[in-house]
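Trainee: All residue numbers for the sequence shown refer to our numbering, where the first residue is 597 and numbers rise by one.
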Amino acid sequence: MSFTLFAGRGHIAREIVEILEDFAALQLVDNFAWVDIDAFENSDSRVFAVQRFRDELRSGYYPLTDVLSRIETRHFNRVIINVHGQEGGGVTAGQLGHFDSVMEAVNHNLHITYANVVVPYDMKSESELPLFRGYINLLISPEDSDYPAKQQRQSVVTASAVKSPRSRRQRFRACVGCGKGPWSVPS
């Protein structure tokens, strides 16, 4: 069993977490929390959490320290949902630095996997992708898009994702380590 802490900002990131909440209500996922970076101040900030205790699933808003104290596993995933090109949807290096410093102060003896999931909002954006050192940087974009992964030779993973509530499907790809710099994953 593992625990995943999602963090992000903006309405698209919140909608992604609402989907996770729906999945939790259907008992498809459990053991995660959501941190809204815009409202996050310190380790006592309230976060939305879904945690399974034996056969009982609990969800609600709790102080982050309470959520972390109830984790029953040593494996912890920290996932930043970074909506690239949406005003107020991207997580900046400064915001991530503050979040990381608070989290490092309260996490002890845990095996942590760090991931930055970049979700493109504006397919024509030419601004630099928000990639972070020490994180697995994943870019998710429609398979036929001209968005950065098409121009770069990267590791590409193809998966199916629901495009609409009517079950039409569109193929998406994740670009591992898109971008330049020492944090890029070699192909």
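We put the CB at the ideal spot given by N, CA and C, even for glycine.
Thinking C-beta only, is V679 closer than 9 Å to N712?
Mentor: Not a contact, by the Cβ cut-off of 9 Å.
Trainee: For V613, which three-state DSSP category applies?
Mentor: Three-state result, V613: helix.
Trainee: If you scan the stretch 686-724 from start to end, which runs of the alpha helix (DSSP H) of 4 or more residues do you find wholly inside it?
Mentor: Those alpha helix (DSSP H) runs which fall completely within the stretch 686-724 and span 4+ residues are 689-702.
Trainee: Less than 9 Å between the C-beta atoms of V613 and F602, yes or no?
Mentor: Their beta carbons are under 9 Å apart, which means V613 touches F602 by this criterion.
Trainee: With C-beta atoms as the reference, is I633 less than 9 Å away from F695?
Mentor: Yes, they are a contact pair.
Trainee: Where does Q647 land, buried or exposed, given buried means 16+ other C-beta within 10 angstroms?
Mentor: With 16 or more other Cβ atoms within 10 Å, it is buried.
Trainee: At what residues does the beta strand (DSSP E) containing L660 begin and finish?
Mentor: Element bounds for L660: not the beta strand (DSSP E) but the alpha helix (DSSP H), 660-665.
Trainee: Can you pull the DSSP bridge partners for F628?
Mentor: T600, V646.
Trainee: Taking the beta strand (DSSP E) that R674 falls in, what are its first and last residues?
Mentor: Element bounds for R674: 671-680.
Trainee: Under the assumption that R605 contacts V687 (Cβ atoms under 8 Å), give the Cβ distance between them as a whole number of angstroms.
Mentor: The Cβ separation is near 6 Å, so the contact holds.
Trainee: Looking at S658: is its Cβ nearer than 9 Å to the Cβ of R670?
Mentor: One detail in the question is off: residue 658 reads as Tyr in this sequence, not Ser. No, the pair does not count as a contact, with Cβ atoms beyond the cut-off.
Trainee: In terms of DSSP beta bridges, what is N638 paired with?
Mentor: Per DSSP, none; premise fails for N638.
Trainee: Which one of Q691, E683, N638 has the shortest CA to CA distance from A701?
Mentor: The option with the nearest alpha carbon to A701 is N638.
Trainee: Could you tell me the alpha carbon to alpha carbon distance between F619 and R654, rounded to whole angstroms?
Mentor: Computed Cα separation, rounded: 13 Å.
Trainee: CB V625 to CB L660, shorter than 9 Å?
Mentor: Taking 9 Å as the Cβ cut-off, V625 and L660 do not qualify as a contacting pair.
Trainee: Give me whichever residues DSSP pairs with R729 in a beta bridge.
Mentor: BP columns for R729 are empty, so no partner.
Trainee: Enumerate in chain order the residues of its own chain whose CB-to-CB distance from I708 is below 7 Å, with the five nearest sequence positions on each side excluded.
Mentor: Excluding positions up to five away in sequence, the list reads F672, R674.
Trainee: What residue from F636, G656, S665 has the CA that sits closest to A645's CA?
Mentor: Residue G656 is the option with its Cα nearest to A645.
Trainee: Which term fits A635, buried or exposed, when burial requires 16 or more other beta carbons within 10 angstroms of its beta carbon?
Mentor: Exposed: under 16 other Cβ atoms inside 10 Å.
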